[in-house]
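Peer 1: According to the working numbering, the sequence shown is numbered sequentially starting from 1.
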Amino acid sequence: MANIKVKVKSGAFPIRYKGERYLVGDELTIDEKHLNESMMERLEEPKKASQPSKTAESE
1 MANIKVKVKS
11 GAFPIRYKGE
21 RYLVGDELTI
31 DEKHLNESMM
41 ERLEEPKKAS
51 QPSKTAESE
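#1: Apart from the five residues on each side of it in sequence, which residues of its chain come closer than 7 Å, Cβ to Cβ, to P14?
#2: Measuring straight from C-alpha to C-alpha, what distance separates E27 and K7?
#3: What are the boundary residues of the beta strand (DSSP E) that includes V6?
#4: Could you give the DSSP three-state label for E32: helix, strand or coil?
#5: Secondary structure at M39, three-state DSSP: helix, strand or coil?
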């Protein structure tokens, strides 16, 4: 799974993730499968493997 960067939303209870406590406004990197949209705001999209792009030189 991909890792994504998230921020704890306002009004959410403190979040515990991998033994650490995160409060409102804290940023953390989590596994995408642990994303909870009601408590976390996504800051970055998961990084995907980049495909080599074709250029005029390679054709």
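Glycine included, every Cβ here is placed at the ideal spot set by N, Cα and C.
Peer 2: With the structure as the only source:
#1: R21, Y22 and L23
#2: Taking the straight line from one Cα to the other gives about 4 Å.
#3: N3 to V8
#4: helix
#5: coil
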